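Residue numbers (the UniProt record's numbering): 1 to 547.
Where is the CB? At the ideal position from N, CA and C, for every residue including glycine.
Values in this document were obtained by computation on a predicted structure and should not be read as measured data.
Worksheet for the structure shown next.
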Amino acid sequence: MAAAQDSFYLGFDFSTQQLKVVAIDGDLNVVHQNHVLFDSELPEFRTQGGVQLHADRLTVTSPVLMWVKALDLLLDKMRRAEFDFSRVRALSGSGQQHGSVYWRRGASETLNQLDPDQSLYQQLQGSFSVSDSPVWMDSSSSQQCQDLQAAAGGALRLAEITGSRAYERFTGNQIAKLRQNRPEEFQDTERISLVSSFAASLFLGGYAAIDYSDGSGMNLLDIRSRTWSEICLEATAPHLDRLLGAPLPPTSVLGPVSSYFVRRCGFSESCRVVAFTGDNPASLAGMRLQQGDIAVSLGTSDTVFLWIQQPRPALEGHVFCNPVDWQEYMALLCFKNGSLTRERVRNECTGGSWEVFSAALRETPLGNNGNIGEWEFIASTRTTPRSDSNLHLLPVSPASPWSHLSPLVLVLQVSSVSPQVEVRALVEGQFLSRRLHAERLGYSIIPGTRVLATGGASSNKEILQVLSDVFNAPVYTIDLSNSTCLGSAYRALHGLVAESGVSFFDVVKKAPEPRLVATPHPTAQEVHTHTHTHTHTHSHSVPQQYN
Ligand code: ADP
Ligand code: XUL
1 MAAAQDSFYL GFDFSTQQLK VVAIDGDLNV VHQNHVLFDS ELPEFRTQGG VQLHADRLTV
61 TSPVLMWVKA LDLLLDKMRR AEFDFSRVRA LSGSGQQHGS VYWRRGASET LNQLDPDQSL
121 YQQLQGSFSV SDSPVWMDSS SSQQCQDLQA AAGGALRLAE ITGSRAYERF TGNQIAKLRQ
181 NRPEEFQDTE RISLVSSFAA SLFLGGYAAI DYSDGSGMNL LDIRSRTWSE ICLEATAPHL
241 DRLLGAPLPP TSVLGPVSSY FVRRCGFSES CRVVAFTGDN PASLAGMRLQ QGDIAVSLGT
301 SDTVFLWIQQ PRPALEGHVF CNPVDWQEYM ALLCFKNGSL TRERVRNECT GGSWEVFSAA
361 LRETPLGNNG NIGEWEFIAS TRTTPRSDSN LHLLPVSPAS PWSHLSPLVL VLQVSSVSPQ
421 VEVRALVEGQ FLSRRLHAER LGYSIIPGTR VLATGGASSN KEILQVLSDV FNAPVYTIDL
481 SNSTCLGSAY RALHGLVAES GVSFFDVVKK APEPRLVATP HPTAQEVHTH THTHTHTHSH
541 SVPQQYN
């Protein structure tokens, strides 16, 4: 039998700014990494940050042929680095979520008969009915969002069906816009792919199914039945199911890699293509997030990933089918400007120093003697929930220091507070808001829950201590820099054995463990319990989003 180190598994990531790949061996060691940067390595496409912003400042697209050419270039780079393609047993990948690709009539035949002596770019020039693919940064489909919500019976009803209310960047609304505004191109389309299933199609030499997980970012999939929702399909375009194909579990083996790649790169004929998925689901796999875990990325924006069993879709946040266990769910919440708000309070209260900011957290008690941060909520269409950027301090009853865990808080008095108190108020308030929103989507903290932290602010131990106290769970740090690629490589490996009932977690047991950095203060649990017995209400203090 071949040793585990002899077999390789590839994970690709077609992200906004670059195409990346990671190869692992059967022991999960990374054996190769490579990438192509769109702006600098493919300047002929004239993108900025991988995209083109149109004159209306709402439409944002990427040239689909840029992604095709990037794959040619990446494979060339791998060949030049003498990567041994013949050892690859399976490959998978991810794509930026929501982006869509429109294949022109006849493209399937072209895909099927690719000549290994020519590049993909040379051969697929005429294969797309729409040359500029709408991407996740696009916000030009407000009208279509309104129409879809009206057809579905309201925003919440749509969220109950598809996991999210209508969002401009979600693919169904982009498809509706295309059908209305560019009917000829739409007529000339034989298949619509997501960026992920488009990439899988290239490797398969035929159209790849959309997987349930990335499919959940379209406002079209019924996340409980895992079939296209009739109501949503009808409101979007007639006979749309024919253009989309049937969705499949994200663990599916779609087929062998096409003969084009066997002959051009030296892949083995037995190399399998496992369904590609969205970058956020792939990242959840790369983090090896388990039931009860929550991952918090503390970057420019704060992003929260959750594993959910019983989803309760809401008006804020997104519920997707789970990428590693297709009967379960995941959720994604994005809080705009998380770090930027912390930076602003750092500049205003602690002279621009993270050290002084951290000292303020050390010097103030958990619960902050009842002083919490509350926000002026600003409507935001792109990122949910609302921006953190306008912080107001509202000291609450000291008798129930953590009553702010409840959405309904009694504001007793407003007084000026010290800079230290303001710092703690901000950080506790931010994390409480993350927790509340997570719980509203059906997340619950269970024994064994871990909080996985990543991103710029995860280097700050004091911030992570507050995170641990608010979630009453240990905090571990992880490196997310290549989690989408790694997650895809792990999924490729798992795809080969998923059908025989082997769980994802059995397959990734050997991956490096995250590092424990904070454990909850012994009183965190006590204070938390206290919270639920001291709920006061006051209409002025109920944040907008809880109404
Ligand atoms: P991005 O989301 O753009 O990839 P990063 O994950 O690199 O960003 O995070 C950058 C942010 O990390 C900066 O905006 C900064 O506020 C924050 N940051 C860096 N160091 C610290 C620190 N010691 N304490 C708190 N925040 C920090
Ligand atoms: C998620 C979203 C982004 C893209 C980035 O809803 O729009 O995270 O997936 O690639």
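(request) Return the CA-CA distance between Thr61 and Asn173, expressed in angstroms with no decimal places. (result) Their Cα atoms are separated by approximately 15 Å.
(request) Compare the C-alpha of Gln420 against each of Pro43, Glu462 and Ser444 and name the closest. (result) Measuring from the Cα of Gln420, the nearest candidate turns out to be Glu462.
(request) Round the Cβ separation of Thr110 and Ser133 to the nearest angstrom and send it over; I've been treating them as touching at under 8 Å. (result) Going by Cβ atoms, the distance from Thr110 to Ser133 rounds to 18 Å, so no, they are not a contact pair.
(request) Give me every residue whose Cβ sits closer than 5 Å to any heavy atom of the ligand XUL, in chain order. (result) Cβ atoms closer than 5 Å to the ligand XUL belong to Gln96, Gln97, Trp136 and Asp279.
(message) DSSP has Val22 in a bridge; who is on the other side?
(response) DSSP lists Gly11 and Gln33 as partners of Val22.
(request) Kindly indicate the opening and closing residues of the alpha helix (DSSP H) around Glu343. (result) From DSSP, the alpha helix (DSSP H) with Glu343 extends over Gly338 to Cys349.
(message) Tell me the rounded alpha-carbon separation between Gln5 and Ala438.
(response) Taking the straight line from one Cα to the other gives about 40 Å.
(request) Check whether the Cβ of Thr477 sits closer than 7 Å to any heavy atom of the ligand ADP, and report yes or no. (result) Flag unset: Cβ of Thr477 not near the ligand ADP.
(request) Can you tell me the Cβ-Cβ gap for Ser258 and Leu114, rounded? I've got them flagged as a contact below 8 Å. (result) Contact holds; Cβ gap of about 7 Å.
(request) Going by DSSP, name the residue or residues bridged to Gly278. (result) For Gly278, which the question treats as bridged, DSSP gives the partners Gly95.
(message) Quick check on residue 548: does DSSP put it in helix, strand or coil?
(response) The question about residue 548 has no answer here: the residues shown for the chain are numbered 1 through 547.
(request) Give the secondary structure of residue 548 by DSSP, where H, G and I count as helix, E and B as strand, and everything else as coil. (result) As displayed, the chain neither begins before 1 nor continues past 547, which places residue 548 out of reach and without an answer.
(request) For Leu10, count neighbouring C-beta atoms within 10 Å of its own C-beta (all shown protein chains included) and say buried if the count is 16 or more, exposed if not. (result) Burial call: buried.
(request) Run the proximity test for Asn347: is its beta-carbon closer than 7 Å to any non-hydrogen atom belonging to the ligand ADP? (result) For Asn347, the distance from the CB to the nearest heavy atom of the ligand ADP is not below 7 Å.
(request) Would you kindly work out how many angstroms separate the C-alpha atoms of Asn181 and Ala150, rounded to a whole number? (result) Asn181 and Ala150 have their alpha carbons spaced roughly 20 Å apart.
(request) Would you give the residue range spanned by the alpha helix (DSSP H) that Leu42 belongs to? (result) First-last for Leu42: undefined, no H or E at that position.
(request) Using the Cα positions of Pro447 and Asp293, report the straight-line distance between them to the nearest angstrom. (result) Cα to Cα, Pro447 sits roughly 10 Å from Asp293.
(message) Are there any heavy atoms of the ligand MN lying less than 7 Å away from the beta-carbon of Gly93, as far as the coordinates show?
(response) By its list of ligands, the structure shown excludes the ligand MN, since it contains just the ligand ADP and the ligand XUL.
(request) Locate the beta strand (DSSP E) running through Arg191, then write down its first and last residues. (result) Element bounds for Arg191: Thr189 to Leu194.
(request) Hey, could you find the ends of the alpha helix (DSSP H) Ala492 is sitting in? (result) Run containing Ala492: Ser483 to Ala498, per the alpha helix (DSSP H) assignment.
(message) With three or more C-beta pairs closer than 8 Å as the rule, is the region 200 to 213 touching the region 260 to 275?
(response) Yes, the region 260 to 275 touches the region 200 to 213.
(request) Tell me whether the beta-carbon of Val451 lies closer than 8 Å to the beta-carbon of Val475. (result) Against a cut-off of 8 Å, the Cβ pair of Val475 and Val451 comes out as a contact.
(message) Does the contact criterion of 3 or more C-beta pairs under 8 Å hold for the region 485 to 505 versus the region 8 to 27?
(response) Yes, they touch.
(request) Could you check what DSSP says for Trp354 in three-state terms: helix, strand or coil? (result) The answer is helix: DSSP assigns Trp354 an H, G or I state.
(request) Pick helix, strand or coil for His318, following the three-state DSSP scheme. (result) Strand at His318.
(request) Taking 8 Å as the cut-off, decide whether the C-beta atoms of Ala152 and Cys271 are in contact. (result) No, they are not a contact pair.
(request) Sort out for me which residues DSSP pairs Ser297 with in a bridge. (result) According to DSSP, residue pairing for Ser297 in a beta bridge involves Thr303 and Thr454.
(message) By the three-class DSSP mapping on this structure, what secondary structure does Gly172 have?
(response) Helix.
(request) Just mark Val502 as buried or exposed, buried being the case when its beta carbon has 16 or more other beta carbons within 10 Å. (result) Counting of Cβ neighbours within 10 angstroms places Val502 among the exposed residues, the total staying below 16.
(request) Could you check the C-alpha separation between Trp136 and Ser481 for me, to the nearest Å? (result) Between Trp136 and Ser481, the C-alpha separation is close to 20 Å.
(request) State buried or exposed for Glu428, treating a residue as buried only when at least 16 other CB atoms are found within 10 Å of its CB. (result) Classification for Glu428: buried.
(message) Let's test the definition: count the other Cβ atoms within 10 Å of the Cβ of Glu160 and tell me whether it reaches 16, buried, or not, exposed.
(response) It is buried - the Cβ of Glu160 has at least 16 other Cβ atoms within 10 Å.
(message) Any heavy atom of the ligand ADP inside 7 Å of the beta-carbon of Ile41?
(response) Before going on, a small fix: residue 41 reads as Glu here, not Ile. Between the ligand ADP and Glu41, a heavy atom-to-CB distance of less than 7 Å is absent.
(request) Going by CA-CA distance only, name the one from Ala331, Leu254 and Pro43 that's closest to Gly317. (result) For the residues Ala331, Leu254 and Pro43, the minimum Cα distance to Gly317 belongs to Ala331.
(message) Within 8 Å, do at least three Cβ pairs link the region 137 to 149 to the region 187 to 199?
(response) Because the criterion of three Cβ pairs below 8 Å is not met, the region 187 to 199 and the region 137 to 149 do not touch.
(request) Can you tell me which of the three DSSP states Thr523 falls into? (result) In this structure, Thr523 counts as helix in the three-state DSSP scheme.
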